[in-house]
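In the UniProt record's numbering, the protein residues as written are 1 to 337. Single-structure report; data block below.
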């Protein structure tokens, strides 16, 4: 009968508890089988005691329900609220709180220690970076100062080198002039000796320190005089200020006088431009600078510009006759002899 009741419950698909048995079975006392357990009035069972078979079946069914209910109660987990109350009550909650507090304290201490170490490392890095920056700035300033000093020394050396080169160039030019002058003087001396040996019958030659070119003798000064004083000096030497008659003579004079202003024998003090030896100016050779002569009065020295001179590039210019320029004397070789 117990097996029959258990199978019947599985087939019906519902669960019957002890409380259900008390509320459903006790008042109504239904029959153990069929959809309704109430007595059928058509059946005349008559008064009398309950059947022993029915009583046993009911007891077996109630016993099976009690066993299943106890088994389910043992297997079901305790309600969450009861578990939480157990954990949160008594010494367990105190121990749990103390454990969590200690854990938080340890975490805070560890974080604080790490933070302190990081701060110390950051401060050390800042100090190191500051020291590195300061030392770098000092080195950069030192290098800049040394670079500026080296640059100044280089510029000074370059300036000295340029001056030395210019001086050497000037000395070289002067040496060449002296050599040429020496050769000319030697030639003139040989010429004079030949004249003496021939009792004056030999061809005439230029005096010592004079240069010969195409039958004329030239003397180049190394000091400065005004145009009238230079003209007077040449006349005392039985010569005159140079008269340029060709481009070849121009180049010869320009080569030996150097890049300096030098008087020539051309003037317009008496009116038109004239050469001192009477050479025709209008038909002769000319080498004026552009827009010259201009007879300029703006120099502040009084009067116009009435005397001609070679400029540093060899071309001609008119200027105040009182300026102290170098000069060139010229004479015929036959006259010099």
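Cβ atoms here follow ideal geometry from the backbone N, Cα and C, with glycine treated the same way.
For residue i, the nearest candidate out of the options (CA to CA)
i           : options            : result
residue 285 : 249, 233, 171, 241 : 249
residue 241 : 154, 307, 105, 150 : 307
residue 330 : 291, 212, 290, 281 : 212
residue 272 : 264, 172, 281      : 281
residue 228 : 192, 123, 266, 222 : 266
residue 268 : 247, 294, 110      : 294
residue 214 : 96, 196, 193, 247  : 247
Bridge partner(s) assigned by DSSP for residue i
i           : result
residue 211 : 218
residue 332 : 216
Proximity below 9 Å, CB of residue i to CB of residue j
i           : j           : result
residue 262 : residue 325 : yes
residue 274 : residue 314 : no
residue 205 : residue 327 : no
residue 279 : residue 245 : yes
residue 236 : residue 208 : no
residue 256 : residue 177 : yes
residue 322 : residue 223 : no
residue 173 : residue 258 : yes
Whole-number beta carbon distance between residue j and residue i, since they are thought to touch under 8 Å
i           : j           : result
residue 305 : residue 319 : 5 Å
residue 231 : residue 276 : 7 Å
residue 288 : residue 316 : 5 Å
residue 378 : residue 260 : Residue 378 is absent from the model: the chain starts at 1 and stops at 337.
residue 254 : residue 220 : Actually they are not in contact, since the Cβ atoms of residue 254 and residue 220 sit about 11 Å apart, beyond 8 Å.
Discussion item. So within the UniProt domain "C-type lectin" (213-330), which uninterrupted beta strand (DSSP E) runs reach at least 3 residues, ignoring any that extend past its ends?
Written reply: Fully enclosed beta strand (DSSP E) runs of 3 or longer: 216-220, 262-267, 307-310, 316-319.
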